[in-house]
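A.B. asks: Numbering (this note's numbering), first residue to last: 3 to 411.
Take this structure, written in structure tokens, and hold onto it; I'll ask about it next.
Below, the structure is given as structure tokens:
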């Protein structure tokens, strides 16, 4: 039964109390969210909100560094070293020591680099690539193309079954850390250890985990990892992705895209390729400086934040939202796809209903912005730096109202 007004008031007070105790509450002011007094932005798992500092920094890059210094900015403004400098800042958030992350290109391009390089490192006798069968489509497309190009066989496997599927033929496994559709968190330490026990390598896609939870790339011995920066890292639409190559593998990392930017002496313009040392080996062409420096400014909001604090709030937010949905929404109207155990949950809640497209469209009209994944999934992303418990309360209440008014199938 839908709670009465008195119960609603008590539940709203609960959200206010949780927000008052939230040690990240001051971070919300660092984001451009002034229009959300009556709504809730729960789509940061697709596009993070704008950090306020980015506009001023980008204006300075355009007007001064590009407008007045022009070509001098490659040296004087640090443009040339930005891919590694920004990479180290992301590295801190994913548990990578400096010198192992480089920023540039798209996630798709970095998946290609990582998978092909892993196949080359694995050796000719290993003729199989494993891929998470529920992977984000681009990862599957790239893995299939990499298999054709390298003469390997691609085998899709459920992420939970990957440790048992790994064997002497496996060159590399490509796995999403968090399932984009359901929000399920996959076992990075266990799968990585199983790959190494089988003599294989593993590439992790961190698009839906970096900035939402601790990853521990170095601690767990991950070989290679990729990720985007426009979701929980708030780098902006189309902001550059990143590539992690474990230090011990960098000398063996043979990129399938050996661009001039990853040459040991780029300005020698030599006809023969000689790879750079370290993370710079993952570069290809000229960096996208405007978006790269916008991302660098966006990362300032993380300077005094511990990822463990973010994870604790993420779990508290998603727990709170799930409780409210259970209390407000009639039984049987929704099916939760997101695991309830904390160790199996990312930072989103995915709910299934047959009329999900119509429901989400109405939610957005009422100011609660999540997203719809065909054919029947509602996704709600919880970004702890700026999502409040009041947002979660409001979203659950509006969702219940919409479900009551939109006739089910």
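Even glycine gets a Cβ: it sits at the ideal position worked out from N, Cα and C.
Can you tell me whether residue 319 is helix, strand or coil according to DSSP?
C.D. replies: helix
A.B. asks: Check the C-beta distance from residue 20 over to residue 384 and give it rounded, since I have them as a contact under 8 Å.
C.D. replies: Wrong, their Cβ atoms sit about 13 Å apart, outside the cutoff.
A.B. asks: With 16 as the cutoff for other CB atoms within 10 Å, does residue 310 come out buried or exposed?
C.D. replies: The residue is exposed, with fewer than 16 neighbouring Cβ atoms inside 10 Å.
A.B. asks: Threshold first: 4 residues or longer. Then list the alpha helix (DSSP H) segments lying entirely within the stretch 209 to 266, N to C.
C.D. replies: Taking only runs of at least 4 residues, no alpha helix (DSSP H) segment lies wholly in the stretch 209 to 266.
A.B. asks: Tell me which same chain residues have a C-beta within less than 8 Å of the C-beta of residue 126, skipping the five on either side of it?
C.D. replies: none
A.B. asks: Residue 381 lies in the beta strand (DSSP E); which residues open and close that run?
C.D. replies: 379 to 383
A.B. asks: Check residue 329 in the structure and name its three-state DSSP category.
C.D. replies: helix
A.B. asks: With distances taken Cα to Cα, identify the nearest neighbour of residue 199 among 206, 188, 251 and 168.
C.D. replies: 168
A.B. asks: Rounded to whole angstroms, what's the CA-CA distance from residue 407 to residue 234? Just pull it up for me.
C.D. replies: Cα to Cα, residue 407 sits roughly 32 Å from residue 234.
A.B. asks: I need the straight-line Cα distance from residue 45 to residue 375, nearest angstrom please.
C.D. replies: The C-alpha of residue 375 is placed about 12 Å away from the C-alpha of residue 45.
A.B. asks: Measure from the alpha carbon of residue 254 to the alpha carbon of each residue in 283, 231 and 189, then state which is nearest.
C.D. replies: The option with the nearest alpha carbon to residue 254 is 283.
A.B. asks: Taking the beta strand (DSSP E) that residue 301 belongs to, which residues open and close that run?
C.D. replies: Premise fails: residue 301 is in no beta strand (DSSP E) and is neither H nor E.
A.B. asks: For residue 134, write down the residues that DSSP places opposite it in a beta bridge.
C.D. replies: 159
A.B. asks: Exposed or buried, what is residue 207 when buried is set at 16 or more other beta-carbons lying within 10 Å of its beta-carbon?
C.D. replies: buried
A.B. asks: Please tell me whether residue 212 and residue 95 are closer than 8 Å, where the distance is taken between their beta carbons.
C.D. replies: yes
A.B. asks: Could you tell me whether the Cβ atoms of residue 210 and residue 348 are closer together than 8 Å?
C.D. replies: Yes; because the gap between Cβ atoms is below 8 Å, this pair is in contact.
A.B. asks: Looking only at its own chain, which residues have a Cβ that is under 7 Å from the Cβ of residue 25, when we skip the five neighbours before and after it?
C.D. replies: 311, listed in sequence order.
A.B. asks: Quickly, what does DSSP pair residue 352 with across the bridge? List them, please.
C.D. replies: 381
A.B. asks: Opposite residue 42 in the DSSP bridges: which residues?
C.D. replies: DSSP, once it has assigned bridges, lists 370 as partnering residue 42.
A.B. asks: Classify residue 269: buried if its beta carbon has 16 or more other beta carbons within 10 angstroms, exposed otherwise.
C.D. replies: With fewer than 16 Cβ atoms within 10 Å of its Cβ, residue 269 is classed as exposed.
A.B. asks: Based on Cα-Cα distance, which residue from 100, 104, 224 and 260 lies nearest to residue 414?
C.D. replies: Because residue 414 is not part of the residues shown, which for the chain are 3 to 411, the question remains open.
A.B. asks: I'd like to know whether the C-beta atoms of residue 228 and residue 205 end up nearer to each other than 8 Å.
C.D. replies: Taking 8 Å as the cut-off, the Cβ atoms of residue 228 and residue 205 count as close.
A.B. asks: Would you check if there are 3 or more beta carbon pairs closer than 8 Å linking the stretch 83 to 95 to the stretch 108 to 124?
C.D. replies: no
A.B. asks: For residue 33 and residue 155, what's the separation of their Cα atoms in angstroms?
C.D. replies: 46 Å
A.B. asks: Is the beta carbon of residue 277 sitting closer than 8 Å to the one on residue 260?
C.D. replies: yes
A.B. asks: Roughly how many angstroms lie between the CA atoms of residue 162 and residue 302, to the nearest whole one?
C.D. replies: 36 Å
A.B. asks: Name the DSSP bridge partner or partners of residue 177?
C.D. replies: DSSP output for residue 177 lists 206 as bridge partner(s).
A.B. asks: Taking Cβ to Cβ, would you say residue 98 is nearer than 8 Å to residue 135?
C.D. replies: no
A.B. asks: Reducing DSSP to helix, strand and coil, say where residue 285 ends up.
C.D. replies: In the structure shown, residue 285 sits in coil (DSSP, three-state: anything other than H, G, I, E or B).
A.B. asks: For residue 328, which residues in the same chain have their Cβ closer than 8 Å to its Cβ, ignoring the five residues on either side in sequence?
C.D. replies: Around residue 328: no qualifying Cβ.
A.B. asks: Express the C-alpha separation of residue 245 and residue 291 in angstroms, rounding to a whole number.
C.D. replies: 17 Å
A.B. asks: Could you compute how far the alpha carbon of residue 243 sits from the alpha carbon of residue 275?
C.D. replies: 24 Å
A.B. asks: Kindly list the residues whose CB is nearer than 6 Å to the CB of residue 140, restricted to its own chain and excluding five residues on each side of it in sequence; keep chain order.
C.D. replies: Cβ neighbours of residue 140 beyond the five flanking positions: 110.
A.B. asks: By the DSSP assignment, the beta strand (DSSP E) with residue 105 in it spans what residues?
C.D. replies: 103 to 105
A.B. asks: Give me the DSSP bridge partner(s) of residue 186.
C.D. replies: 347
A.B. asks: Quick check on residue 289: buried or exposed, where buried means 16 or more other Cβ atoms within 10 Å of its Cβ?
C.D. replies: buried
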